[in-house]
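A.B. asks: Under the numbering used here, think of the first position of the first sequence as 728, with each following residue one higher.
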Amino acid sequence: MPEMLEIEIYRRSAEVIVGREIKKVRTPDSNYIKGGVRPANLRKALEGRTVVSARRHGKLLILETSDNGPSLGMRFGMTGVLVVDGVDAISDMQYSSLRRNPKWNSFSLEFDEGQLHMRDPRRFGRVELDPDESKMGPDAADMTFKEFRHALQSSAPIKARLMNQAVIAGLGNLLTDELLWRAGVNPSVLSRSLDDAQYKNLYKQMRATLRILGARGGSHRGDLHEFRHRDGICPKDGSLLCRETVGGRTTYWCPTHQR
DNA sequence: CCGGATGTTCACCT
DNA sequence: GAGGTGAACATCCG
């Protein structure tokens, strides 16, 4: 999916619908509604409400509605994109041409003027009323160093821990590989085995990764990204990158400077 | 044809 | 209980 940087781009593009009344809810893919809620109930809950804010928590985009109405949580799976008033805020992601096809509209809100579509070829995304945020960790961009260090006291590999949304919300496979590469930390190292200097450096590199890749336009704009393939070389020292599954995801790392 | 892809969840182990 | 693994979800791409 889109990771937190992409969701933040979606959130900004959704700000233009704040103040609009939801006239119609369309659910062409009923599997897209999480929790067995019926499409009719979703419509009843949202139609006639006004969107009062668009906020983000990790990879979750949340629209709040007027008059103590329910919030609408949106998750974008691996390939979901948000299209607001016909504008796709991210045009150079994987599957970008397919995403232009309204065939993949999975969920839509319509207003007097304009509309919001979730478009998702692989259909792994979901929408949900009043999503439970209590089981999510703090957003990666808002974490203090103390919270960060505390979150990493675990016997899981550092990469698995960083990607665990219940501990830190927002980091995905690409951002995590990039920040570990920048920090010079081996993805398989047990997270509680780092020393304080390493926690500090990791925290600093997480913030830098979010800031720099955010400014460049997304999770796929990391220095490591173009080398994440078999035969990829480390752009820092020229070593052949290792490829391994860590935390259930394909992981690339440099055997020379990531220890 | 096969493996793999920015994610989440669940069953089944250790 | 914590955490690992593999599968499933659905579709396209190289």
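Glycine included, each C-beta is placed from N, C-alpha and C at the ideal position.
With a CB to CB cut of under 7 angstroms and the five nearest residues on each side skipped, what residues in its chain are close to G974?
C.D. replies: Taken in chain order, the residues that qualify are P884, K886, A887, M890.
A.B. asks: So which of K931, Q892, E905, S915 has the shortest CA-CA distance to T871?
C.D. replies: Minimum Cα distance to T871 is reached at K931.
A.B. asks: For K873 and G864, what's the separation of their Cα atoms in angstroms?
C.D. replies: Going by the C-alpha atoms only, they are around 14 angstroms apart.
A.B. asks: Mind checking N900: buried by the 16 CB within 10 Å criterion, or exposed?
C.D. replies: Under this definition N900 is a buried residue.
A.B. asks: Starting from N768, trace the alpha helix (DSSP H) in both directions and tell me its first and last residue.
C.D. replies: Start and end: 766 to 773.
A.B. asks: Starting from the Cα of V743, find the closest Cα among R765, V778, I734 and give me that residue.
C.D. replies: The candidate whose alpha carbon is nearest that of V743 is V778.
A.B. asks: If you drop the 5 nearest sequence neighbours on each side, which residues of the same chain put their C-beta closer than 8 angstroms to that of N913?
C.D. replies: If we look at N913 and ignore the five residues flanking it on each side, its Cβ neighbours are I885, L907, W980, Q985, R986.
A.B. asks: Give me the Cα-Cα distance between R753 and R846, rounded to the nearest whole angstrom.
C.D. replies: Looking at the two C-alpha atoms, the distance is approximately 12 angstroms.
A.B. asks: So, with DSSP's three-state summary, where would you put N832?
C.D. replies: Looking at N832 - three-state DSSP - the assignment turns out to be strand.
A.B. asks: Assign E905 to one of three DSSP states: helix, strand, or coil.
C.D. replies: E905 falls in the helix class under three-state DSSP.
A.B. asks: Identify which residue in L929, D904, P858 has its Cα closest to the Cα of L787.
C.D. replies: The candidate whose alpha carbon is nearest that of L787 is P858.
A.B. asks: Beta-carbon separation of L879 and S915 under 8 angstroms?
C.D. replies: Cβ atoms of L879 and S915: not closer than 8 angstroms.
A.B. asks: Among the residues of its own chain, which have a CB less than 8 angstroms from the CB of R738, if the five just before and after it don't count?
C.D. replies: So the list reads A781, R782, R783, L788, once near-sequence residues are dropped.
A.B. asks: I'd like the list of long-range same chain contacts for A893, defined as Cβ closer than 7 angstroms, with 5 residues on each side in sequence excluded.
C.D. replies: These residues qualify, in order along the chain: K862, M863, G864.
A.B. asks: Residue range of the alpha helix (DSSP H) that Q985 falls in?
C.D. replies: Taken as a continuous stretch (DSSP letters only), Q985 belongs to no alpha helix (DSSP H), as it is neither H nor E.
A.B. asks: Taking only the alpha-carbon atoms, compute the straight-line gap between V811 and H844 and give it to the nearest angstrom.
C.D. replies: Each residue's Cα considered, the two are about 6 angstroms apart.
A.B. asks: What whole-angstrom Cβ distance do S835 and R850 have, given they're in contact under 8 angstroms?
C.D. replies: About 14 angstroms; that fails the 8 angstroms criterion.
A.B. asks: On the DSSP bridge assignment, give the partners of S780 in chain order.
C.D. replies: The partner list for S780 (beta bridge, DSSP) reads E791.
A.B. asks: Just tell me which of E791, R876, T972, E855 has its CA closest to the CA of L904.
C.D. replies: First, the amino acid is wrong: residue 904 is Asp here, not Leu. Looking at the Cα atoms, T972 is the closest of the given residues.
A.B. asks: Closest to L773 by CA distance: which of E791, P848, S757 is it?
C.D. replies: Minimum Cα distance to L773 is reached at E791.
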